[in-house]
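>
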Amino acid sequence: MSREHDWLTLRNCSIASEGKLTPSCQVVIDVTGGSIADVRVVKQDDFDLTIHRARDVDCRGHILTAGFMDLQLNGAWDFDFCTYSEDYKDKLEDVCRRLPAHGVTAFCPTLITSTAEIYKQVVPLLAPRQVAKGAQILGAHLEGPYLSPEKHGIHNPDWMKQASTSMEETYGKDYSSSTAIVTIAPEMDGLLDIVSKLVSQDIVVSLGHSAAPIAIAQQALDRGATMLTHLYNAMPSLHHRKPSLIDLLGQRTAPFFGLIADNIHVSPFAAALAYKANPEGCCLITDANSPLGMADGTYTGPHGMQLTKKGEAATISNGDIGGGASSLDTCFRNLLNASQAKIEAVVQTVNENPARVLGLKDQGQVRKGYMADLVLMTAEGDILKTFIRGQEVYSATQNW
Numbered sequence: 001m002s003r004e005h006d007w008l009t010l011r012n013c014s015i016a017s018e019g020k021l022t023p024s025c026q027v028v029i030d031v032t033g034g035s036i037a038d039v040r041v042v043k044q045d046d047f048d049l050t051i052h053r054a055r056d057v058d059c060r061g062h063i064l065t066a067g068f069m070d071l072q073l074n075g076a077w078d079f080d081f082c083t084y085s086e087d088y089k090d091k092l093e094d095v096c097r098r099l100p101a102h103g104v105t106a107f108c109p110t111l112i113t114s115t116a117e118i119y120k121q122v123v124p125l126l127a128p129r130q131v132a133k134g135a136q137i138l139g140a141h142l143e144g145p146y147l148s149p150e151k152h153g154i155h156n157p158d159w160m161k162q163a164s165t166s167m168e169e170t171y172g173k174d175y176s177s178s179t180a181i182v183t184i185a186p187e188m189d190g191l192l193d194i195v196s197k198l199v200s201q202d203i204v205v206s207l208g209h210s211a212a213p214i215a216i217a218q219q220a221l222d223r224g225a226t227m228l229t230h231l232y233n234a235m236p237s238l239h240h241r242k243p244s245l246i247d248l249l250g251q252r253t254a255p256f257f258g259l260i261a262d263n264i265h266v267s268p269f270a271a272a273l274a275y276k277a278n279p280e281g282c283c284l285i286t287d288a289n290s291p292l293g294m295a296d297g298t299y300t301g302p303h304g305m306q307l308t309k310k311g312e313a314a315t316i317s318n319g320d321i322g323g324g325a326s327s328l329d330t331c332f333r334n335l336l337n338a339s340q341a342k343i344e345a346v347v348q349t350v351n352e353n354p355a356r357v358l359g360l361k362d363q364g365q366v367r368k369g370y371m372a373d374l375v376l377m378t379a380e381g382d383i384l385k386t387f388i389r390g391q392e393v394y395s396a397t398q399n400w
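The sequence shown maps to residues 1 to 400 in full-length UniProt numbering.
(1) Please check the pair D296 and K310, which I expect to be a contact at CB under 8 angstroms, by giving their CB distance rounded to whole angstroms.
(2) If the criterion is Cβ atoms closer than 8 angstroms, does the pair A215 and K151 meet it?
(3) Once DSSP output is grouped into helix, strand and coil, what is the label at G108?
(4) In terms of DSSP beta bridges, what is E143 paired with?
(5) Mind listing, in chain order, the continuous beta strand (DSSP E) runs of no fewer than 3 residues lying wholly within the segment 192-239?
(6) Assuming A270 and Y232 are in contact, meaning their beta carbons sit under 8 angstroms apart, how far apart are those beta carbons, in whole angstroms?
(7) Taking the alpha carbon of A338 as the point to measure from, which residue in P291, G364, A274, R55 has its own alpha carbon closest?
(8) By the DSSP assignment, the alpha helix (DSSP H) with M167 in it spans what residues?
(9) Taking only the alpha-carbon atoms, compute the straight-line gap between D78 and G322 and give it to the nearest angstrom.
(10) If you drop the 5 nearest sequence neighbours on each side, which residues of the same chain put their C-beta closer than 6 angstroms to that of G17?
(11) Quick check on this structure: which residue in G319, S244, K133 has the alpha carbon closest to the alpha carbon of E187?
(12) Nearest by alpha-carbon distance to I260: which of R40, N74, W159 is it?
(13) So, I343 versus A396, is the Cβ gap smaller than 8 angstroms?
(14) Does A132 pass the burial test, meaning 16 or more other C-beta atoms within 10 Å, or should it be called exposed?
(15) Taking DSSP as the reference, what is the three-state secondary structure of E392?
(16) What residue does the alpha helix (DSSP H) around S339 start on, and which one ends it?
(17) Exposed or buried, I388, counting other C-beta atoms within 10 Å across all chains shown (16 or more means buried)?
(18) Taking the beta strand (DSSP E) that R11 falls in, what are its first and last residues?
(19) Opposite Q348 in the DSSP bridges: which residues?
(20) Taking the C-alpha atoms as reference points, what is the distance between P109 and S85?
(21) Could you give the distance in angstroms between the alpha-carbon of I181 and the alpha-carbon of G369?
(22) Drop a sphere of 10 angstroms on the beta-carbon of S177, count the other beta-carbons inside from all chains shown, and report buried for 16 or more, exposed for fewer.
(23) For L71, which beta-bridge partners are listed by DSSP?
(24) With C-beta atoms as the reference, is A325 less than 8 angstroms away from A341?
(25) Report the residue ranges of all beta strand (DSSP E) runs contained in full by the segment 247-283; include only those spanning at least 3 residues, in chain order.
(26) Quick check: L384 and H102, are their CB atoms within less than 8 angstroms of each other?
(27) Identify whether K20 lies in helix, strand or coil by the three-state DSSP scheme.
(28) Less than 8 angstroms between C-beta atoms, sequence neighbours within five positions excluded: which residues of the same chain meet that for S2?
(29) Please tell me whether Y119 and L111 are closer than 8 angstroms, where the distance is taken between their beta carbons.
(30) Going by C-alpha distance, which of N278, V39, R252 is nearest V27?
(31) Find out if the Cβ-Cβ distance for the pair P255, M69 is shorter than 8 angstroms.
(32) Would you mind reading off the limits of the alpha helix (DSSP H) that contains K91?
(33) Take M235 as the anchor and find which of Q130, G153, E93 has the nearest alpha-carbon.
(34) Between L64 and L10, which are expected to be in contact by the criterion C-beta below 8 angstroms, what is the C-beta distance as a whole number of angstroms?
(35) Tell me which same chain residues have a C-beta within less than 6 angstroms of the C-beta of L92, skipping the five on either side of it?
(36) For L384, name the three-state secondary structure that DSSP assigns.
Below you can see the structure in the form of structure tokens.
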């Protein structure tokens, strides 16, 4: 016996998907199955409210797009993902349920360089799964410990390793089933050789915290690396006679890249430059930590580090940047303003492009058969409603 389906119709919306903006649309969602059943363009007075006897939401002409994805989130709401406790799972799921207020329907919990003990405790808890009424966990982003001490940032350089220490020894024997992305510095001894192994496990290899010259970086791409971690940060600056990681954006087949468009890690001018160099590869990330979502003050970050939040900035004790404190929708609006590009193009940096990085075949676009993870927003990028698997999990106003 087939189960009876619950249907929802989103009408009178403009769809931003695949780089196009299509007005006067109607989207039918199979809430029971969590997918998009139909997408159609209709005349203003011809919206079909009888389809499958669906409930309906009048989107009032606002923009409907696929849910946002953050490929690098280290923590939020006074919780750091590197800090294990008995209630770790509950704290993680609390973050999942808060993220939709910022349009985020999926993310990669990120661990900076840590000890093997911490990895083995935490990595299994970051396996891909859907959290009820919350953002989907896409798998861990392991940002370390196979990095360059020369570009350590806030990472502890004493914990960094070379390939002589196996990934199983570092992360745990079953790490691959919980991991989506691993960031490495390809110039370090033996690390080029682990790229193909990670790729064979369907793990994305990203290059970062690295001083690699262009030749070694290109070798990593040739072996299957496809991404750069937080472009501009923890890598050599752009130099017209000393090409390095940033220069890869000029390649015919350029890698994807994470970009922290919080106007602190990266200026609006540099963010616009990177985006315009390779819009198809740009993936906005927050690189945010425990201060995200909190009032100004001091919070505990990775490995007991104290992070002070003031506005959109999070700093360590010496005043250096200590990760992000801006939400993904803020970064999106920042890039929208900095680039002056059309919203239907810029929004690909938070949905379609990240989905392509991870090879997600049914996420990142508003199309029939795709997951009904959707965001309704204004033309300025303000989040109005968020739907996960067709269920409304956030609304900016209760009177809608």
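Virtual Cβ for every residue (Gly too), placed ideally from N, Cα, C.
Checking against the coordinates, here is how it stands:
(1) Walking along the sequence shown from the start, residue 296 turns up at place 296. Walking along the sequence shown from the start, residue 310 turns up at place 310. D296 to K310, Cβ: 5 angstroms. Contact.
(2) For the purposes of this step, residue 215 is taken as the residue at position 215 of the sequence shown. For the purposes of this step, residue 151 is taken as the residue at position 151 of the sequence shown. Taking 8 angstroms as the Cβ cut-off, A215 and K151 do not qualify as a contacting pair.
(3) For the purposes of this step, residue 108 is identified with residue 108 of the sequence shown, where counting begins at 1. Sequence check: residue 108 is Cys here, not Gly. It is a strand residue.
(4) As a position in the sequence shown, residue 143 is number 143, starting the count at 1. Its beta-bridge partners are I112, T183.
(5) 204-207
(6) Reading the sequence shown from its first residue, position 270 is the one you call residue 270. Reading the sequence shown from its first residue, position 232 is the one you call residue 232. Contact flag correct, Cβ pair sits at about 6 angstroms.
(7) Translated into the one-based positions of the sequence shown, residue 338 becomes position 338. Closest by alpha carbon: A274.
(8) For the purposes of this step, residue 167 is taken as the residue at position 167 of the sequence shown. 167-171 is the extent of the alpha helix (DSSP H) around M167.
(9) Mapped onto the sequence shown, residue 78 falls at position 78. Mapped onto the sequence shown, residue 322 falls at position 322. Cα to Cα, D78 sits roughly 14 angstroms from G322.
(10) The residue given as residue 17 occupies position 17 in the sequence shown. It is worth fixing the name first, because residue 17 is Ser in this sequence and not Gly. Around S17: Q365, V366.
(11) Taking the first residue of the sequence shown as 1, we reach residue 187 at position 187. Taking only the C-alpha atoms, the option nearest E187 is S244.
(12) Taking the sequence shown and counting its residues from 1, the one referred to as residue 260 is at position 260. Taking only the C-alpha atoms, the option nearest I260 is N74.
(13) Translated into the one-based positions of the sequence shown, residue 343 becomes position 343. Translated into the one-based positions of the sequence shown, residue 396 becomes position 396. No, these two residues do not count as a Cβ contact at 8 angstroms.
(14) As a position in the sequence shown, residue 132 is number 132, starting the count at 1. Burial call: exposed.
(15) Position 392 of the sequence shown, counting from 1, holds the residue named residue 392. Of the three classes helix, strand and coil, the one that applies to E392 here is strand, per DSSP.
(16) Counted from its first residue, the sequence shown places residue 339 at position 339. Its alpha helix (DSSP H) spans residues 328-339.
(17) Counting from 1 along the sequence shown, the entry for residue 388 is found at position 388. I388 should be labelled buried.
(18) Here residue 11 refers to the residue found at position 11 of the sequence shown. Per DSSP, R11 belongs to the beta strand (DSSP E) from 7-17.
(19) Looking up residue 348 in the sequence shown gives position 348. Answer by DSSP bridge pairing: none, since Q348 is not bridged.
(20) Within the sequence shown, residue 109 is the residue found at index 109, counting from 1. Within the sequence shown, residue 85 is the residue found at index 85, counting from 1. P109 and S85: Cα-Cα distance of roughly 16 angstroms.
(21) Taking the sequence shown and counting its residues from 1, one reaches residue 181 at position 181. Taking the sequence shown and counting its residues from 1, one reaches residue 369 at position 369. So the alpha carbons of these two residues sit roughly 26 angstroms apart.
(22) Taking the first residue of the sequence shown as position 1, residue 177 is located at position 177. Under this definition S177 is an exposed residue.
(23) Locating residue 71 in the sequence shown gives position 71, counting from the first residue. Beta-bridge pairing links L71 to no other residue.
(24) Here residue 325 refers to the residue found at position 325 when the sequence shown is read from its first residue. Here residue 341 refers to the residue found at position 341 when the sequence shown is read from its first residue. Their beta carbons are not under 8 angstroms apart, which means A325 does not touch A341 by this criterion.
(25) 256-259
(26) By 1-based counting over the sequence shown, the position of residue 384 is 384. By 1-based counting over the sequence shown, the position of residue 102 is 102. Cβ atoms of L384 and H102: not closer than 8 angstroms.
(27) As a first step, residue 20 must be located in the sequence shown, where it is residue number 20. Here K20 sits in strand by DSSP.
(28) For the purposes of this step, residue 2 is taken as the residue at position 2 of the sequence shown. Because S2 sits at a pLDDT of 47, beneath the cut-off of 50, its placement in the model cannot be relied upon, and the following sentence gives the value as read from the coordinates. Same-chain partners within the cutoff: there are none.
(29) For the purposes of this step, residue 119 is identified with residue 119 of the sequence shown, where counting begins at 1. For the purposes of this step, residue 111 is identified with residue 111 of the sequence shown, where counting begins at 1. Going by C-beta atoms, Y119 is nearer than 8 angstroms to L111.
(30) Here residue 27 is taken as the residue at index 27 of the sequence shown, counted from 1. The option with the nearest alpha carbon to V27 is V39.
(31) Residue 255 sits at position 255 when you count from the first residue of the sequence shown. Residue 69 sits at position 69 when you count from the first residue of the sequence shown. No, they are not a contact pair.
(32) For this step, residue 91 is matched to residue 91 along the sequence shown. Element bounds for K91: 88-98.
(33) For this step, residue 235 is matched to residue 235 along the sequence shown. That would be G153, whose Cα lies nearest to the Cα of M235.
(34) Within the sequence shown, numbered from 1, the residue matching residue 64 stands at position 64. Within the sequence shown, numbered from 1, the residue matching residue 10 stands at position 10. At roughly 6 angstroms, the Cβ-Cβ gap stays under 8 angstroms, so L64 and L10 are in contact.
(35) Your numbering for residue 92 matches position 92 in the sequence shown. Nothing listed; no residue qualifies.
(36) As a position in the sequence shown, residue 384 is number 384, starting the count at 1. L384: strand per DSSP, three-state reduction.
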